[in-house]
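Okay, so here's the structure we're looking at.
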Amino acid sequence: MKKLIGIKKFKIAIFISGNGSNLKKLIDHSLKRNSIFHINLIVSNNPKAKGLIFAKKFNIKKKVVYSSNINIFEKKIISILNKEKIDLICLAGFMAILSNNFIKKFKGKIINIHPSLLPKYKGLNTHQRVIDNKEKYSGCTVHYVNSKLDSGKIILQKKVRILKNDNKKSLGKRILKHEHILYPKALNKILSNF
Ligand code: GRF
-1 MKKLIGIKKF KIAIFISGNG SNLKKLIDHS LKRNSIFHIN LIVSNNPKAK
49 GLIFAKKFNI KKKVVYSSNI NIFEKKIISI LNKEKIDLIC LAGFMAILSN
99 NFIKKFKGKI INIHPSLLPK YKGLNTHQRV IDNKEKYSGC TVHYVNSKLD
149 SGKIILQKKV RILKNDNKKS LGKRILKHEH ILYPKALNKI LSNF
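The sequence shown begins at -1 in our numbering and counts up one residue at a time.
Pasting the structure below:
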């Protein structure tokens, strides 16, 4: 925890690989006066991740490790996570699978957002699969990360109706808007019981 003008804030690291729109929303929430968390670190496994601009813009420490080998990536970030005394890791569009060792080390301290109503549609290309299967609803889920892909305990979920003319792009766009609301809510929910 970090003491900011007498208020203790949980220290958060956010892992990204791309646009970082969820990262941006979490930063916005962290900057609210009554926020119980602070974004201390942005980690990316992609040096071209657009979301990295928010590190500079909001003066947040960043660590970029470009390696297709997850063990090398993890080895290089563990020391900074410890140094920064990070309380919780939020995966936000982080496109790599963390090792079991890493997940064990940070047990109960890694959460993720996934653009489907888990346990349905784990993995990639969710919106297209949902449309192909003529589902009536999809949504988004914030969940704990465990050793099985997109299978950890669910923290919060939002159901979103699929419209008649939806394609993967329109559906993805609508769900992303709900993700931006759901992720900060879920973070607040678990941190209040931390
Ligand atoms: C989101 O749809 C998230 O659910 C998924 O990857 C996307 C990331 O978007 N895991 P962004 O980088 O936060 O804009």
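Yeah, the Cβ is synthetic: ideal placement off N, Cα and C, and Gly gets one too.
Own chain partners of R127 with C-beta closer than 8 Å, once the 5 adjacent residues on each side are dropped: The residue you call residue 127 lines up with position 129 of the sequence shown. So the qualifying residues of the chain are Y119.
At a cut-off of 7 Å, would you count H176 as near the ligand GRF, judging by its Cβ distance to the nearest heavy atom? Against the sequence shown, residue 176 aligns to sequence position 178. Flag unset: Cβ of H176 not near the ligand GRF.
Let's see if you can read the secondary structure: which residues bound the alpha helix (DSSP H) around S168? Stepping through the sequence shown from its first residue, residue 168 is reached at position 170. That run of the alpha helix (DSSP H) goes 166 to 190.
According to DSSP, simplified to helix, strand and coil, what is K242? No answer is possible for residue 242: the residues shown for the chain start at -1 and end at 192.
Buried versus exposed call for I87 [16 or more other C-beta atoms within 10 Å across all chains shown]: Your numbering for residue 87 matches position 89 in the sequence shown. When all chains shown are included, I87 counts as buried.
For N99, tell me which candidate among I173, I76, A90 has the shortest Cα-Cα distance. The sequence position of residue 99 within the sequence shown is 101, counting from 1. Of I173, I76, A90, the residue nearest in Cα terms is I76.
Whole-angstrom Cβ separation of F8 and L189, contact assumed at under 8 Å? The sequence position of residue 8 within the sequence shown is 10, counting from 1. The sequence position of residue 189 within the sequence shown is 191, counting from 1. Confirmed, about 5 Å.
For P182 versus H36, is the C-beta distance shorter than 8 Å? Translated into the one-based positions of the sequence shown, residue 182 becomes position 184. Translated into the one-based positions of the sequence shown, residue 36 becomes position 38. Judged by their CB atoms, P182 and H36 are not nearer to each other than the 8 Å cut-off.
Whole angstroms are fine: how far does the CA of I70 sit from the CA of V41? Position 43 of the sequence shown, counting from 1, holds the residue named residue 41. Position 72 of the sequence shown, counting from 1, holds the residue named residue 70. In a straight line, the C-alpha of V41 is about 14 Å away from that of I70.
Roughly how many whole angstroms lie between the Cα atoms of E133 and K171? By one-based count along the sequence shown, residue 133 stands at place 135. By one-based count along the sequence shown, residue 171 stands at place 173. Going by the C-alpha atoms only, they are around 17 Å apart.
What does the alpha-carbon distance come out to for the pair V62 and F56? As a first step, residue 62 must be located in the sequence shown, where it is residue number 64. As a first step, residue 56 must be located in the sequence shown, where it is residue number 58. Roughly 17 Å between the two C-alpha positions.
Along the chain, where does the alpha helix (DSSP H) that runs through F52 open and close? Here residue 52 is taken as the residue at index 54 of the sequence shown, counted from 1. 51 to 55 is the span of the alpha helix (DSSP H), which, as asked, contains F52.
How would you call K30, buried or exposed, if buried means at least 16 neighbouring beta carbons within 10 angstroms? Residue 30 sits at position 32 when you count from the first residue of the sequence shown. Exposed: under 16 other Cβ atoms inside 10 Å.
Assigned secondary structure, K59 (DSSP; H/G/I helix, E/B strand, else coil): For the purposes of this step, residue 59 is taken as the residue at position 61 of the sequence shown. Three-state result, K59: strand.
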